[in-house]
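Data block below; observations after.
Protein chains in written order, with our numbering: chain A, 1 to 359; chain B, 1 to 310.
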């Protein structure tokens with residue numbers, strides 16, 4: 001007989017082990033799907049997970065894609081830890097890129113050391129402002145932040161679309177839906193000649209360090225954790241809930257805005273419609289896979305970035321759609337959430353005899 | 001442009017057609033949410049329904065099978081969500097997002113060999129009446145059976161929730177799962193059923209797109225309609241009849257965009273596209289400010305995990 005019991009406390013080893021179980025199961029699940037689509041599963045998985053990072057260029061691409069994912073997920077961890085469901089990071093990324101990109105376009109024919117920092121700050125502020133909308137509505141009007149932040153994603157994407165087609169479109173661009181190229185001073189410095197990896201990665205690493213410090217070494221971090229565990233306790237302890245909600249959304253939005261700016265001043269170099277392949281949504285998976293832990297998030301962002309790269313490689317070698325990456329991303333989250341069951345419940349196998357005696 | 005009466009009739013007819021997937025998906029999601037479950041996987045379930053319906057149509061050459069198959073595929077994919085959230089007690093928001101991401105990816109993989117295949121004509125009813133009666137003809141006649149079903153569905157949903165015992169049970173489970181459970185109602189089972197029903201309607205909504213509205217398979221062809229359907233449920237403050245009205249407004253906005261240039265209005269298309277989302281936010285703010293108003297229809301336990309100690 002199987003008995004399921006609620007655990008009193010979550011075992012720490014299991015807590016950090018389950019992400020690996022989820023990744024393992026995802027690879028097996030992916031193999032099964034490839035098999036049913038008529039591919040040799042081992043070979044297809046190799047194209048997906050090994051080929052993309054088998055050379056230096058591929059490794060640089062991995063870091064390039066992991067950078068925004070890591071940044072956004074770090075921000076989201078503040079929200080999720082305190083039970084605030086900001087799922088609109090994609091919108092905050094887009095709005096940050098719009099504000100940062102707007103500044104970059106102001107300086108399109110100028111060079112100067114001050115340009116890039118201005119753009120970065122503008123982008124962070126843009127993302128922060130956009131995240132404040134669901135936060136303010138939640139704190140003062142009691143609205144559901146899940147729905148508001150989600151709706152705003154589409155509003156920001158449409159705003160970007162309007163700008164690149166209309167007022168901000170390149171006057172010499174033959175009506176392509178894109179802006180002018182940014183000036184060289186508005187671009188993130190490249191780290192190595194010939195590779196696309198840029199200085200934005202330091203922003204991500206800085207965010208990791210800062211978030212670790214804030215979450216584990218400051219009073220604010222303590223407040224965030226307590227609010228996440230129990231809202232009642234937080235209220236009893238006299239924490240000002242409203243301020244904290246605003247602060248975690250601002251942190252989250254600023255990180256997403258930075259990620260947006262990193263993309264447009266890094267690999268893209270201008271504004272157009274497709275500045276992000278849904279990094280803002282995928283970062284939610286990264287945050288969960290990384291267990292909302294700053295260092296876990298670094299690891300998770302590399303894994304999830306690999307699914308993006310793998311999909312691109314598989315598209316070239318196996319002629320399968322690039323959306324395949326999303327199958328893997330979805331599966332990782334499914335398996336991770338499912339394996340969380342083991343954290344909260346103990347599955348005991350009892351012998352029948354013992355059970356009979358008790359009754 | 002000539003604003004004559006017959007043109008307006010045709011315009012209303014096309015607004016109705018564009019609102020069908022929204023009505024179907026939102027009506028399904030409404031039942032799911034009224035039972036206390038927030039499934040953000042609408043977009044994913046719709047796109048799976050779209051590819052399953054289209055693929056079955058191409059393989060079996062039978063539209064009836066294609067429609068049934070799309071609904072079944074919606075049920076199967078929503079079963080993943082149901083199993084995770086109800087049996088393994090996972091977070092609704094995260095699971096629903098995973099479902100959407102997974103669904104879009106899987107549909108593209110499954111649909112790889114169906115890109116570029118032309119669709120079939122779906123039979124429309126009362127075609128002769130459509131042409132012969134001015135104004136009312138294009139509004140009332142010449143539609144697919146799915147459209148008529150979609151326009152009846154909100155009334156059936158409303159009747160179900162208000163007048164039937166099962167509807168009462170669904171509402172009870174959504175409003176107070178603990179008391180419902182104490183009354184001997186199997187909360188988990190009810191929620192499972194509501195999730196699967198929602199899945200079937202989203203599957204049907206997807207099939208409407210790939211078989212009737214734009215009969216072909218294109219990657220990511222639901223194009224955010226699932227999110228609009230989710231917004232619509234909130235916009236309608238969880239009332240089925242308002243879902244119908246809201247769907248016509250949101251559908252009307254979509255059709256307006258197509259006619260904008262003809263009318264010569266100089267409002268950016270993107271502003272119109274953003275309207276459904278902005279209107280939903282405004283409605284959310286208005287209903288949330290007044291706690292009595294939101295309590296009227298909002299399932300109190302929405303997105304909260306229910307666990308019964310055995």
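Cβ coordinates follow ideal geometry from the N, Cα and C atoms, glycine included.
query: What did DSSP end up calling residue 126 (chain B) once you bin it into helix, strand or coil?
result: coil
- request: Give a yes or no on whether the minimum CB-CB distance between residue 308 (chain B) and chain A is below 9 Å.
  value: no
message: Considering only the alpha carbon of each residue, which of B:229, B:92 and B:59 lies closest to residue 43 (chain B)?
response: B:229
- request: Pull up the DSSP beta-bridge partners for residue 345 (chain A), would you.
  value: A:6
- prompt: Is the CB-CB distance between residue 287 (chain A) and residue 93 (chain A) below 9 Å?
  reply: no
message: Going by DSSP in three states, residue 69 (chain A) sits in which element: helix, strand or coil?
response: helix
field: Cβ-based burial, residue 153 (chain A) [other Cβ within 10 Å; buried from 16]
entry: buried
query: Which residues in the same chain have their Cβ closer than 6 Å to the Cβ of residue 294 (chain A), if we skip the five residues on either side of it in sequence?
result: 208, 211 and 212
- prompt: Smallest Cα separation from residue 213 (chain B): which of B:53, B:168 and B:91?
  reply: B:53
task: Identify which residue in A:120, A:260 and A:170 has its Cα closest to the Cα of residue 280 (chain A).
output: A:260
task: Compute the Euclidean distance between the alpha carbons of residue 112 (chain B) and residue 320 (chain A), then round it to the nearest angstrom.
output: 7 Å
- prompt: Three-state secondary structure (DSSP) at residue 89 (chain B)?
  reply: coil
task: Report, in whole angstroms, the separation of the C-beta atoms of residue 40 (chain B) and residue 96 (chain B), which I expect to be a contact under 8 Å.
output: 3 Å
- request: Give the straight-line distance between the Cα atoms of residue 99 (chain B) and residue 244 (chain B), rounded to the nearest whole angstrom.
  value: 26 Å
task: Below 7 Å between beta carbons is the criterion; list the residues of the segment 295 to 324 of chain A that meet it against any residue of chain B, in chain order.
output: 320, 321, 323 and 324
message: Does the contact criterion of 3 or more C-beta pairs under 8 Å hold for the segment 338 to 347 of chain A versus the segment 10 to 26 of chain A?
response: yes
message: Distance cutoff 9 Å, beta carbons only. Does residue 227 (chain B) sit that close to anything in chain A?
response: yes
- prompt: Counting pairs of Cβ atoms below 8 Å between the segment 201 to 216 of chain B and the segment 138 to 154 of chain B, do you hit three or more?
  reply: yes
message: Does chain B have any CB closer than 9 Å to the CB of residue 144 (chain A)?
response: yes
Helix, strand or coil at residue 198 (chain A) [DSSP, three-state]: strand
- prompt: Exposed or buried, which one is residue 276 (chain B) when buried takes at least 16 other CB atoms within 10 Å?
  reply: buried
query: For chain B, is any of its Cβ atoms less than 9 Å away from the one on residue 222 (chain A)?
result: no
query: Going by other Cβ atoms of all chains shown within 10 Å of its Cβ, with 16 needed for buried, is residue 33 (chain B) buried or exposed?
result: buried
query: Would you say residue 138 (chain B) touches the ligand ADP, meaning its beta carbon is less than 8 Å from a heavy atom?
result: With respect to the ligand ADP, the structure shown offers nothing to examine, as it has no ligands at all.
message: Considering only the alpha carbon of each residue, which of A:129, A:311, A:324 and A:344 lies closest to residue 252 (chain A)?
response: A:129
query: Grouping DSSP H, G and I as helix and E and B as strand, with all else coil, what is residue 259 (chain B)?
result: helix
message: Just verifying my parser: in three-state terms, what is the DSSP assignment at residue 178 (chain A)?
response: strand
query: By a C-beta neighbour count over all protein chains shown, 10 Å radius and 16 as the cutoff for buried, is residue 128 (chain B) buried or exposed?
result: exposed
- prompt: Where residue 136 (chain B) and residue 273 (chain A) are concerned, what is the direct C-alpha to C-alpha distance, given to the nearest angstrom?
  reply: 41 Å
query: Where do the N-terminal and C-terminal ends of the alpha helix (DSSP H) with residue 217 (chain B) fall, by residue?
result: No alpha helix (DSSP H) holds residue 217 (chain B); DSSP gives it neither H nor E.
message: Using the Cβ count rule (16 or more neighbours within 10 Å means buried), how would you classify residue 61 (chain B)?
response: exposed
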